[in-house]
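What follows is a single structure, written as structure tokens, with notes after it.
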Amino acid sequence: MSLSTFERNEVLEKMASRPLDLLVIGGGITGAGIALDATDRGLKVGLVDMQDFAGGTSSRSTKLVHGGLRYLKQFEIKIVAEVGKERAIVYENAPHVTTPEKMMLPIYKKGTFGRFSTSLGLRVYDFLAGVRREERRVMLSRKATLNKEPLLKKEGLKGSGYYVEYRTDDARLTIEVMKEACDRGALAVNYAKVDELLYDHDKKLSGARVIDQLTKKEYRIYAKKIVNAAGPWVDTIREKDHSKKGKHLHLTKGVHIVIDGKRFPMKQSVYFDTTNGDKRMIFVIPRDGKVYAGTTDTTYARWPIDPKPTAEDRDYILEAINGMFPSARLTAADVESSWAGVRPLIQEEGKSPSEISRKDEIFISKSGLISIAGGKLTGYRKMAQRVVDVVVSELKAETGKSYPESRTINIELSGGHFGGSAHFANFVHEHSQLGVALGLSESEAEKLVKKYGTNVSQLFELIRFNQDEAKRYQITPVVLATVQYALTYEMIVSPVDYFTRRTGKTLFDIRSAKKLAQPIISYMADRLNWSEEQKNKYSQELNIAFEEASLLSTPQTDDHEKDAV
Ligand SMILES: Cc1cc2nc3c(=O)[nH]c(=O)nc-3n(C[C@H](O)[C@H](O)[C@H](O)COP(=O)(O)OP(=O)(O)OC[C@H]3O[C@@H](n4cnc5c(N)ncnc54)[C@H](O)[C@@H]3O)c2cc1C
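Each residue of the sequence shown is one higher than the last, beginning at 1 in the numbering used here.
Here is the structure:
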């Protein structure tokens, strides 16, 4: 079934109507990846998320598909080798949500790494990640470094290492994985919370009581296997199963800030050591006329819904940027928007948040609950493969039925059906012309094609017929088509889903988001038959999201974040 907003109830009814092979709790990147892998291997899969898809950590990352260069410092060779290799696979299967991004690692006199060690480190990184010849690292002279990024601090600069990472839109990557899973037969619903786990007479896990957060209707969904991919809430689900013993999560918060590109006209992504002596590294990344920077890494001991950036977080990042780009002289007033996310890491005694390994691990409880914790967005496919391997081997032992090996290495994601990344540029060129023929400007058409990939034909179809409606709501046919598409194919329930996770406007274009808010709320209200009360509730929710994205509103203090969980 598709991810249509209008079919939410039917999907829930269907999930509850017959036992599934697998129920996945959590619709972040981990759960979406598991749903795709398992569905492709022939399992009947259902997935529920208590918030919007990617509403947890999977819309709040640094938005890089990266190998984790800094983990080399910690000798996490296995992680670097695995996620490093995954970069190219994610790119190959979804070039419309993954873009190669040249990254600069500046080298300074008395810096942590000199020219030799940087060169060697990047060489090892290329080797472990199996990087293609044309993308391997090069070492740049001081002059070449400054040519690429004139705003860098000049004093003590010796040159830089130059290598390739990939930029993504984490929330869109998640939704494309989910759409592909649903196109292949998975059932998935957002705003549906697992409230209670259900057991058979042998105390074996057999299902879950799920509450639709919109209607408060209750469903009993039964499945042969249940996977807990609840990210920062993995332990909460383990507690419901009375199996939170031994290893547990350590949540750490990471914050990013966004600055307008006119105020901070960086040309080049840079990854550098902070100058405040805490030995952490920060990314500064130009993107669509904005620059975003992060991240922080502090222990977080609160309920992980909607973590908030604080003034301290913002000032830490600003200080780091001003240390590396002294002419920028950025202040709090330059920060346009921001976001915070919580990393679901596995606790390691005696380690600081930045030192804790990003490795993933599977826990299987006595009742049969399979929990997956830790990991990275980049490594989601491999994590999913490992989890589904466990699921199918248990099913085989119990039923005798065999399932194929994972095939996701070759599965193109929804919107990514180009026959390989090599065809992407040509596709963008040809389909942009189709957009222009519909009356779109060249840049409008190109942006749309790049964002929606091979699904763009559905948007073009909507634009062909929505001109009068767009006039009525005083928005452009392109904007209206993106809302219509999100309602029909991406299960948006509230305007926040659209502005924050389907389009990223709250984070990267908050001014235009504010202008578009009222017309889009009116359109959604008409299509979804909202009462006046619902309309007010959703408008208020969107205003709060806009306020929270703006760090300058009412930053909180950090006094609640002292203890590990
Ligand atoms: C600041 C920061 C920067 C990062 N940068 C990067 C990066 O650049 N590259 C990278 O590869 N990784 C990065 N990561 C790591 C990456 O974002 C996470 O590993 C990944 O998003 C975790 O995904 P997940 O699906 O496991 O968790 P989540 O995305 O949090 O998904 C779990 C879902 O479970 C749902 N859920 C919980 N309880 C229930 C319930 N009872 N019923 C139903 N649903 C439930 C939640 O609503 C949530 O949506 C970063 C993380 C942070 C915090």
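The C-beta atom is built at its ideal place from N, Cα and C for all residues, glycine as well. All figures in this text were calculated on a predicted structure; none of them were measured in a lab.
Between the region 49 to 56 and the region 325 to 334, the count of C-beta pairs closer than 8 angstroms stays below three; the two stretches do not touch. Listed in chain order, the alpha helix (DSSP H) elements of length 4 or more contained wholly in the region 29 to 109 are 29 to 40 and 77 to 93. DSSP, reduced to helix, strand and coil, places Glu412 outside both helices and strands of the structure shown, so it counts as coil.
Ranking Leu487, Asp183 and Leu462 by CA distance to the CA of Lys44 puts Asp183 first.
Under the DSSP assignment, Met324 falls in the alpha helix (DSSP H) whose first and last residues are Ala311 to Met324. Here Asp273 is buried, its C-beta having at least 16 other C-beta atoms within 10 Å.
In terms of Cβ geometry, Leu157 and Met266 do not form a close pair [threshold 8 angstroms]. Pairing Ile510 with Thr236, the inter-Cα distance amounts to about 33 angstroms. In its chain, beyond the 5 residues on either side, Asp241 and Ser243 have a beta carbon closer than 6 angstroms to the beta carbon of Ser365. In this structure, the C-beta of His242 stays at least 7 angstroms away from each heavy atom of ligand 1. Asp313 has its Cβ no nearer than 7 angstroms to any heavy atom of ligand 1. The C-beta of Phe427 has 16 or more other C-beta atoms within 10 Å across all chains shown, which makes the residue buried. Ala230 has its CB nearer than 7 angstroms to a heavy atom of ligand 1.
By the 16-neighbour rule on beta-carbons within 10 angstroms, His96 is buried. In its chain, beyond the 5 residues on either side, Asp273 and Lys279 have a beta carbon closer than 8 angstroms to the beta carbon of Thr112. When the five nearest sequence neighbours on each side are left out, the beta carbons in the same chain lying within less than 7 angstroms of the beta carbon of Leu438 are those of Phe460, Ile463 and Arg464, in order along the chain. Within the same chain, Cβ atoms closer than 8 angstroms to the Cβ of Arg502 are found at Ala171, Arg172, Ile175, Thr482, Ala486, Glu490 and Ile492, the five residues on either side in sequence being excluded. By the Cβ test, the region 185 to 195 is not in contact with the region 298 to 311, since fewer than three Cβ pairs between them sit closer than 8 angstroms. As summarised for the region 170 to 244, the continuous alpha helix (DSSP H) elements at least 4 residues long and confined to that stretch are 170 to 183 and 234 to 240, given in chain order. Straight through space, the alpha carbons of Ser269 and Gly68 are spaced by roughly 15 angstroms. By the Cβ-count criterion, Ile411 is buried, with 16 or more other Cβ atoms from all chains shown falling within 10 Å of its own Cβ. Between Val234 and Leu251, the C-beta spacing is not below 8 angstroms.
In the DSSP assignment, Pro477 falls within the alpha helix (DSSP H) that extends over Pro477 to Tyr489.
For Lys396, the number of other beta carbons within 10 angstroms of its own is below 16, and it is reported as exposed.
Counting only the Cα atoms, Tyr271 lies some 43 angstroms from Ile211. Look at the beta carbons and you see the region 374 to 388 touching the region 31 to 39: at least three pairs across the two are nearer than 8 angstroms. Taken atom to atom, the span from the alpha-carbon of Glu533 to that of Gln213 is near 16 angstroms.
In terms of Cβ geometry, Met178 and Gly161 do not form a close pair [threshold 8 angstroms]. Distance between Pro495 and Ile520, taken at the CA atoms: about 7 angstroms. Contact check for Met104 and Lys148: beta-carbon distance about 6 angstroms, within the 8 angstroms limit, so the pair qualifies. Annotation for Leu120: no beta strand (DSSP E) segment contains it, though the alpha helix (DSSP H) segment containing it runs Arg115 to Ala129. Ala340 carries a strand assignment under DSSP once its states are collapsed to helix, strand and coil. For Val390, the uninterrupted alpha helix (DSSP H) segment begins and ends at Tyr380 to Thr399. Burial is judged here by how many other beta carbons sit within 10 angstroms of a residue's own beta carbon; Gln474 has fewer than 16 and is exposed. Between the alpha carbons of Gly374 and Ala470 lies a distance of about 44 angstroms. Assigned with DSSP and collapsed to three states, Ala301 falls in coil, not helix or strand.
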